[in-house]
Amino acid sequence: MSRFEIYLERRAVRQLERLDRRMRERILKALRMLRDYGFTSSLDVKKMRGYRGHYRLRVGDYRILFEVLESRRIIVYSILHRGRAY
Numbered sequence: 002m003s004r005f006e007i008y009l010e011r012r013a014v015r016q017l018e019r020l021d022r023r024m025r026e027r028i029l030k031a032l033r034m035l036r037d038y039g040f041t042s043s044l045d046v047k048k049m050r051g052y053r054g055h056y057r058l059r060v061g062d063y064r065i066l067f068e069v070l071e072s073r074r075i076i077v078y079s080i081l082h083r084g085r086a087y
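Going by the numbering used here, the letters in the sequence shown line up with residues 2 to 87, in that order.
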């Protein structure tokens, strides 16, 4: 059984679709690990300061910005290059 349910907002889906195939696969693999194993040490996840329940997951030069809800749901709202992520 998975630890989280992951949902991508429409904007995040569009951002993911614009990436090259290799980076898209790396990001999807990281999201699957997050879903199945939670905040494991093999993922680079950090809490975002100033935002309750918001985190970022680093995959290479990309940042996946997401919110964790009490119902064990993760809402991915942005997938951006690190220069544009914050």
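Beta carbons: idealized from backbone N, C-alpha and C, even for Gly.
This structure is a prediction, so every number in the text was calculated from the model and none was measured.
**Prompt:** At which residues does the alpha helix (DSSP H) containing E18 begin and terminate?
**Reply:** For the purposes of this step, residue 18 is taken as the residue at position 17 of the sequence shown. Run containing E18: 11 to 18, per the alpha helix (DSSP H) assignment.
**Request:** Pick out whichever of R25, Y56, R19 has its Cα sitting closest to the Cα of I76.
**Result:** Position 75 of the sequence shown, counting from 1, holds the residue named residue 76. Closest option to I76, Cα to Cα, is Y56.
**Asked** Apart from the five residues on each side of it in sequence, which residues of its chain come closer than 8 Å, Cβ to Cβ, to M49?
**Response** The residue given as residue 49 occupies position 48 in the sequence shown. Apart from the 5 residues on each side of it in sequence, M49 sits with its Cβ closer than 8 Å to the Cβ of H55, Y56, R57, L66 in its chain, given in chain order.
**Request:** Check K21 in the structure and name its three-state DSSP category.
**Result:** Translated into the one-based positions of the sequence shown, residue 21 becomes position 20. The sequence given here places Asp at residue 21; Lys does not occur at that position. In the three-state reduction of the DSSP assignment, D21 falls in the coil class, being assigned neither a helical nor a strand state.
**Message:** I believe L29 touches I7 by the beta-carbon criterion, under 8 Å. Please report the beta-carbon distance rounded to the nearest angstrom.
**Reply:** Here residue 29 is taken as the residue at index 28 of the sequence shown, counted from 1. Here residue 7 is taken as the residue at index 6 of the sequence shown, counted from 1. So it is not a contact: roughly 10 Å between Cβ atoms.
**Request:** State the DSSP-derived secondary structure class of Y52, mapped to helix, strand or coil.
**Result:** Locating residue 52 in the sequence shown gives position 51, where the first residue counts as 1. Three-state result, Y52: coil.
**Message:** I'd like the list of long-range same chain contacts for V46, defined as Cβ closer than 6 Å, with 5 residues on each side in sequence excluded.
**Reply:** Translated into positions along the sequence shown, residue 46 becomes position 45. Only residues of its own chain outside the window of five on either side were considered, and among them F40, Y56, L58 have a CB closer than 6 Å to the CB of V46, listed in chain order.
**Request:** Pick helix, strand or coil for E6, following the three-state DSSP scheme.
**Result:** Counting from one through the sequence shown, the residue named residue 6 turns up at place 5. E6 falls in the strand class under three-state DSSP.
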